[in-house]
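Chemist: Please find one structure pasted underneath; my questions will follow.
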Amino acid sequence: MTLELHAQGDQAMERLGAAIGEALNWRGSVWLEGDLGAGKTTLSRGLIRAAGHAGAVKSPTFTLVEPYELEQRSIYHFDLYRLADPEELEFLGIRDYFSDNSLCLIEWPAKGQGMLPQPDLIISITVDGDGRRLQIEGHGERGLAAGHRLHSTRGEATP
């Protein structure tokens, strides 16, 4: 299943991030693809704040992963942009982050090829005028269900 949405501005991207987290029931794996400045971190910020995090949400470019331990869930925000070799993820203990009670957001997933589990959603973001165009692909049972929920509750994003 593939869904195409358009988000106009940062607030719309953050609302869409919140809707994505909700559609996934705050669990699973999301690959975020797009050029620098496309809005991957903005989308992640909306999702993480909607999950209950009140503090700052920054790109984990230098730390590779930023953990958010919330009341009933864990969200791990990865940025693999500076990863030199996918094998480095083994030293990070990458497999420990993926559990039934966590949601992993992965920016630049191609850099971790071969070391990452299959995603539930792949979200490709491109700049489209003043807004962003998002192509959301659902994979597996969880991703397909989330895609259907997003399709039926598009909110302020438009096809």
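If you count by my numbering, then the sequence shown holds residues 1 to 159, one letter each, in order.
Yeah, the Cβ is synthetic: ideal placement off N, Cα and C, and Gly gets one too.
Treat the numbers as computed from the prediction; the structure is a model and nothing was measured.
1) Spatial neighbours of K40 within its chain, please: C-beta separation below 7 Å, excluding the five flanking residues on both sides.
2) Assign E107 to one of three DSSP states: helix, strand, or coil.
3) What's the call for F78, buried or exposed, on a 16-neighbour Cβ count within 10 Å?
4) Closest by CA to L83, which one among I75, F62, P67, S99?
5) When the Cα atoms are used, what is the spatial distance from M1 to A145?
6) Tell me whether A56 is buried or exposed, calling it buried when 16 or more other Cβ atoms sit within 10 Å of its Cβ.
7) Give the secondary structure of E88 by DSSP, where H, G and I count as helix, E and B as strand, and everything else as coil.
8) G129: buried (16+ other C-beta within 10 angstroms of its C-beta) or exposed?
Modeler: According to the structure shown:
1) Stepping through the sequence shown from its first residue, residue 40 is reached at position 40. Correct list, in chain order: L32, G34, E107, I125.
2) Start at 1 with the first residue of the sequence shown, and residue 107 comes out as number 107. Three-state DSSP puts E107 in a strand.
3) Sequence index remark: in the sequence shown, residue 78 carries index 78 (1-based). Buried, because 16 or more other Cβ atoms sit within 10 Å of the Cβ of F78.
4) In the sequence shown, the residue the question calls residue 83 occupies position 83. Closest by alpha carbon: F62.
5) Sequence index remark: in the sequence shown, residue 1 carries index 1 (1-based). Sequence index remark: in the sequence shown, residue 145 carries index 145 (1-based). Approximately 10 Å, taken between the alpha carbons.
6) In the sequence shown, the residue the question calls residue 56 occupies position 56. It counts as exposed.
7) Here residue 88 refers to the residue found at position 88 when the sequence shown is read from its first residue. The answer is helix: DSSP assigns E88 an H, G or I state.
8) Here residue 129 corresponds to residue number 129 of the sequence shown, with the count starting at 1. The residue is exposed, with fewer than 16 neighbouring Cβ atoms inside 10 Å.
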